[in-house]
Structures are given as C-alpha cells and as structure tokens.
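Colleague: Residue numbers (my numbering): 698 to 870.
Positions of the beta carbon are idealized from the N, C-alpha and C atoms, including for glycine.
Only a predicted model underlies this, so the values are computations on that prediction, with no experimental measurement involved.
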C-alpha cells in the first residue's frame, strides 16, 4: 500500500510539473508568437492592410492593432507596470501603413517580453484581480493574453487568403 502511494504521488507530481509555467518558457513562447505574427504582417501586401472581408468587422491592420492593445493592457495589469500607451490607443491609429503597424505590433510584443523578463517564477503564481474583475494568477493572465493574440492572429489568416496569399506555416516550436 505504501509503495502504491509513493508511486501515485510521483506520477501526480510529474503531471503537475508538466503544466507549471516558468518565466523562461513563457518568454520562449512569446518570442515565437512575435516571430510568427511578424511573418503574418510581412505576408500581407501593404495595399491590403485596410482590407475588411465585410464592412462590419475589423480590417487586417485593426485586428493586429487590437492584438497589440491587449498585449499592453494585460501585461500592464499582470505585471503592475504602466503601459506606455493608453487603452485602445493602437487600434485608433490613423497610420495603418504596413511599416507603422509592424512597428506598433513589434513594440507591443516587446512590452510583453520585457514585462516577463522582470518577473520571477514565484511571481507567476501570485494572484491578481485582472482589470478589477477576474481573479487569477499572473501566469493565467499571460495564458489568457496568449490565447487572445492567437485568436486575433488566426482571424487574419482568412484576410491573407482572400488577398491571394498563402499564410505562414504554423509555428508550434
């Protein structure tokens, strides 16, 4: 019986550690996400940045700038550092050129990575009240942010295809 409990404890402990996030693993994921998003920005022709599949949805540039605004907002809230831009400011940009959007998106990813670089693994486990409403750990906030940027980048796949371009290949690793 004792032997079974020890084995069970080891197995459960191993599974628990598989899901544990570290700052370094998060930074790797965010560096990869940044590179992947930059491939999307590069793939879309400059004259299609204002393209909307239908009038009632965001343009390609607005999708990318919305993603950027969230990168600033979530990171600022999770890490407790002030965002250099106001809430929703990126998406309101009137300069939707490929060059400007690429720079703004790059800066947003760099803000996330810089925020993570200033954290410890222990801080990822700290509880926060995200946006004053949602109780979660800092690691969970970054997971939600990662999900958000993946969702909006994924939405732009159809924009790129409708422009007659093959989108970048998936970057899981």
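In the DSSP assignment, what are the bridge partners of residue 834?
Modeller: Within the chain shown, numbered from 1, the residue matching residue 834 stands at position 137. Answer is 824.
Colleague: Sorted by chain position, which residues of the same chain lie with C-beta nearer than 6 Å to residue 787's C-beta, five sequence neighbours on each side aside?
Modeller: Here residue 787 corresponds to residue number 90 of the chain shown, with the count starting at 1. 762, 765, 766, 801, listed in sequence order.
Colleague: Please report how far the alpha carbon of residue 770 lies from the alpha carbon of residue 859, in whole angstroms.
Modeller: Residue 770 sits at position 73 when you count from the first residue of the chain shown. Residue 859 sits at position 162 when you count from the first residue of the chain shown. The alpha-carbon atoms of residue 770 and residue 859 are separated by roughly 30 Å.
Colleague: Taking contact to mean 3 or more Cβ pairs, one atom from each stretch, closer than 8 Å, check whether the segment 750 to 759 and the segment 770 to 779 are in contact.
Modeller: Touching, no.
Colleague: Identify, in the order they occur along the chain, each residue of the same chain with its Cβ nearer than 6 Å to the Cβ of residue 719, setting aside the five sequence neighbours on each side.
Modeller: Position 22 of the chain shown, counted from the start, is the residue given in the question as residue 719. Around residue 719: 818.
Colleague: Can you give the Cα-Cα distance for residue 795 and residue 851, rounded to whole angstroms?
Modeller: As a position in the chain shown, residue 795 is number 98, starting the count at 1. As a position in the chain shown, residue 851 is number 154, starting the count at 1. Taking the straight line from one Cα to the other gives about 18 Å.
Colleague: Counting C-beta neighbours from all protein chains within 10 Å, is the total for residue 768 16 or more, i.e. buried, or is it exposed?
Modeller: Taking the chain shown and counting its residues from 1, one reaches residue 768 at position 71. With 16 or more other Cβ atoms within 10 Å, it is buried.
Colleague: Taking the continuous alpha helix (DSSP H) assigned at residue 761, which residues delimit it?
Modeller: Here residue 761 refers to the residue found at position 64 of the chain shown. Residue 761 -> alpha helix (DSSP H) spans 757 to 776.
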